[in-house]
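Data first, discussion second: the structure below is written as structure tokens.
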Amino acid sequence: MLELLKDTKIDFIGFRKKAFILSACLVVLGVIAFIMVSLGKANLSVDFTGGTALRIQFTNKIAIGDLRKALVAGGIEDVQVQELSGVGEFFIKTKVSDTASQKVGEKVASILSSQFPGTKFQVLESNMVGPGIGKELKNYAILAVCLALLGIIGYIWWRFTFISGIAATIATFHDVVAILGVFYLMNKELNLLIITALLTVAGYSLQDTVVVFDRIRENAAKMKSKDDFGVVINRSINEVLSRTIVTGISTLLALGAIMVLGGDVLFDFAFALFIGLIVGTYSSIFVASPLVYMWRQKKL
Amino acid sequence: MLKSLKIRFVLIGLFLLISVVFLAPNFVDLKGVWKRYLPSDKISLGLDLRGGMHLLLALDTDKMMGQLLDRKFDSLKQSMMLEGVRFLALDKKANSILVTVRADQKEKLNNLLAKQFPEMKVTETKAEGDLISVDLTILEKGLAEIKENAVRQALETIRNRIDQFGVSEPEIRQQGENRILVQLPGVKDPARALELIGRTAQLEFKLVDEDNMARVTSGSVPEGSEILTMKVRNRETGVESTSQILLKKQTLLTGELLTDARMRFGGDIGGETYVALEFNSEGARIFDRVTGENVGKRIAIVLDNTVYSAPVVRERISGGKASITGGFTVDEAKDLAIVLRAGALPAPVNVIYQVTIGPTLGQDSINKGIQATVLGGLLVIIFMVVYYRMSGVIANFALFLNLIYLLGAFSALRATMTLPGIAGIALTIGMGVDSNVLIFERIREELRLGKTVRAAVDGGYAKAWVAIFDSHITTLITACVLFGFGTGPIKGFAITLIIGMIINLFTAVFGSKAIFDWILQKYKPRTLSI
């Protein structure tokens, strides 16, 4: 039998104060990011802000500065340009969207062909979102996240206890917000795909929490009246630890492959899941379980 | 026990067979009898994988309502004059028409409204001494019906245009109240397709107001006339020049009466590409009368409020044939003919969401996605065998079942495979691995307690089941919410996850247990390779 861990006896509950400090930092960072997102100051995709995003590939090499200058001179003032890889691919983003009289994509194309006559280019991808629809998509995304969380609290409340539901939700919220914070710090773009990733992480984190709670529920049922609840929680976490590690490794293997080979479209998605995997595992052990413990202590 | 084992394997095999039947068309071309009785749908790839254009159009119904009110205003004015209703004032407001009459005309006005304008209703009547002013709006029920019809007509028109343009497997459907979703997979020239779909294509013939042409520059337009832009393009240089032209507002003839429109070359127009129009008998009659009445004058051909040409009528034109010139390229003339044939949109459409993905990027995404998935899958498979030995092999078999079932379900449901969909498959596989890890760790615990192999396996499955079930349900809740509120790509992710969770509960628990039981029964091992 190949085992990575043998009969551990780690005092997880004892770490709770240090863990709470770390979690508080993560949450504060995340909340700042969330406020920035609400204010529209974070790096949001055109899905949420409205506007136009183009992915263009040039046959010849072009300096990013020249490209930006040409676009600004051509009348697209509010423009972000990002170089994607060494193959002459650029990502151009502006908050301007199409109107009946003018298509932004066409305007960019005409600027490029007049400013860079020596090189040919190809629009690989274009994305235009009207200003109204961006707001609509943002509201839908927020509504979806809230509804999913509510549904989950309800379910865990029913299957476990009310306080478990609350603790699991706090832990899940903690994870989602932490990823938001990391993405904000790294100035990575938040788009619909990343929202999907956030919800996936919420699902993963919950799954992890449910596994731990399930074991606590099972052990608590066998608990003698003199046993300390903290001991039961510690024993439960230690018992599921090898499952946590093994699942973590296999998930990491799959995610790692996507991050390395999946191309830049999937990279951010896999990266969000990667952070989520780490934070989600951490939070079931160091956030959700101690919360239930502290609640019990106060009551007893 | 053996009997139930048989039933279990029959069930697993049956599902496998169904999945393979649904999957088969993706790999082999079915022929003859097979083709008739077996499903032949392939898994369709989403736009992000094969390239194409995704459009969300909003029908500008406000503008349409404005135009409708304009028309009602004009016909009310005419009717009142015809029927001898003397009115003091007639005003157009944002959403209503205000008529002011003396008290003695009230009854006549009411009669006229009841008889000729049943779709209008009086929202407010104000009396000031002898003066009575009546506020008229279009009935709400009528409005809703008009809007509904407009969206349906727009849908039909756009479908016609796309069919004639030639895109394989387009998807065109209504979304919400006044929106139309258009998906054009693999479209090669997105800009041209957009131009074709988005154009209102309202063709009108109007008389040029020669008498007042001088007033174009001063800007004081006489009542009943309007200034429009005229576009002239030089055929050789392609340079476009615009000028202002004054036209009588009244429309002589519209594109509604067309029976045909075709791209043509040359002939008497001298080598130029043009669009030849053919009217139906009513259109031909009107055209005959209009040209007869206006010999020597200019008639402007107006398309979406832009004047393309304003030729002088040399003689009465019978037979209902006309042509539009404007220095078109071959493609432009072809597209113009298509939109005229397919008919005008009832109102202008605005593109509110557009995603275009080039075919190369799509292919690139597929390759990378597949490579990543294959590598990730292989790593997980190897890891499971290294860590759990024989039991790992069983887990991998369950994963394989899961994948086949999932793809089979995809085929059967005619779901569309998107990039997030592939991510959803990866996540499902991840959940499948986790389920088996949970079970195996439990079995190991039971073995450590000194239980027999049989008891350990049964106990492990029984105890792990609760956690597996709960975690699948919570993920299922998330996926359902995503499906309900997500758009496009997110929906693809959600549906994969929903199908995946259900299948995984079956394969990871039921499927792998059947194999364990079979091995335990057949070989009765004393130790377990786990």
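Residue numbers (our numbering), protein chains in the order written: chain F, 259 to 558; chain W, 225 to 754. Cβ atoms here follow ideal geometry from the backbone N, Cα and C, with glycine treated the same way. Given the structure is predicted, the values throughout are model-derived calculations rather than measurements.
Per DSSP, reduced to three states, the secondary structure at Gly600 of chain W is helical. Look at the stretch 445-524 of chain W and you find these whole runs of beta strand (DSSP E), each 3 residues long or longer: 449-457, 464-478, 482-489 and 497-503. In this structure, Val550 of chain F places its C-beta atom within 8 Å of the C-beta atom of Ala425 of chain F.
In this chain, Gly308 of chain F is not harboured by any beta strand (DSSP E), its DSSP state being neither H nor E. Look at Ser736 of chain W: its C-beta is not under 8 Å from any C-beta on chain F.
Short of 8 Å from the beta carbon of Ile428 of chain F, and not among the five residues preceding or following it, lie these beta carbons of its own chain, in chain order: Val545, Ala546 and Leu549. Contact between the stretch 435-450 of chain F and the stretch 292-299 of chain F is present: 3 or more CB-CB pairs across the two stretches fall below 8 Å. Contact annotation: Lys430 of chain W and Lys472 of chain W have beta-carbon atoms nearer than 8 Å. Closer than 8 Å to the CB of Gln465 of chain F there is at least one CB belonging to chain W. DSSP places Gly276 of chain W in the strand class (E or B) of the three-state scheme. Secondary structure note for Glu364 of chain F: its alpha helix (DSSP H) is the uninterrupted segment Val362 to Gln373. Beta bridge pairing from DSSP links Tyr577 of chain W with F:Val387 and W:Leu280. Taking C-alpha positions only, Leu247 of chain W is separated from Val609 of chain W by approximately 28 Å. By the neighbour-count criterion, in which 16 or more other beta carbons inside 10 Å mark a residue as buried, Tyr261 of chain W falls on the exposed side. Straight-line spacing of the CA atoms in Ile726 of chain W and Thr509 of chain F works out to 20 Å. The C-beta distance from Pro446 of chain W to Gly276 of chain W rounds to 50 Å, too long to meet the 8 Å contact threshold.
With respect to the C-alpha of Leu312 of chain W, the residue from W:Ala318, W:Ala282, W:Gly551 and W:Leu333 having the closest C-alpha is W:Leu333.
In chain order, Met259, Glu261 and Ser500 make up the part of chain F whose C-beta sits under 9 Å from the C-beta of Arg668 of chain W. Among the residues facing chain W, Asp472 of chain F is included, as its CB has a counterpart in that chain under 8 Å away. By the beta-carbon neighbour count (other beta carbons within 10 angstroms, threshold 16), Asn402 of chain W is buried. Apart from sequence neighbours up to five positions away, the residues of its chain that approach Gly593 of chain W with a beta-carbon distance below 7 Å are Leu643 and Ile646, ordered along the chain. With respect to Ala291 of chain F, Ala300 of chain F sits close: the two C-beta atoms are nearer than 8 Å.
The DSSP-derived three-state label of Ala568 of chain W is coil. No Cβ of chain F is located within less than 8 Å of the beta carbon of Gln398 of chain W. Using a 10 angstroms sphere on the CB of Gly461 of chain F, the tally of other CB atoms reaches 16 or more, which defines it as buried.
Phe707 of chain W is a Cβ neighbour of Ile722 of chain W, given a cutoff of 8 Å. Inside the stretch 630-674 of chain W, DSSP marks whole alpha helix (DSSP H) runs of 4 or more residues at positions 643-672, from first to last along the chain. Identification of chain W residues near Phe527 of chain F by a Cβ-Cβ cut-off of 9 Å yields Leu643, Pro644 and Ala647, ordered along the chain.
The beta carbon of Ile334 of chain F lies closer than 6 Å to those of Thr352 in the same chain, with the five residues before and after it left out. The alpha carbon of Ser355 of chain F has as its nearest neighbour, out of F:Ser303, F:Thr317 and F:Ala321, the alpha carbon of F:Ser303.
Membership of Ala415 of chain W in the alpha helix (DSSP H) is indicated by the continuous run Pro414 to Gly422. By the neighbour-count criterion, in which a residue is buried when 16 or more other Cβ atoms sit within 10 angstroms of its Cβ, Asp298 of chain W is exposed.
In the three-state DSSP reduction, Phe730 of chain W falls in the helix class (H, G or I). Taking 8 Å as the upper bound for CB-CB distance, Leu363 of chain W and Met344 of chain W are in contact here, some 7 Å apart. Annotation: the continuous beta strand (DSSP E) that includes Ile404 of chain W extends over Arg403 to Pro409. Under the Cβ criterion of 8 Å, Glu383 of chain F is counted among the residues facing chain W.
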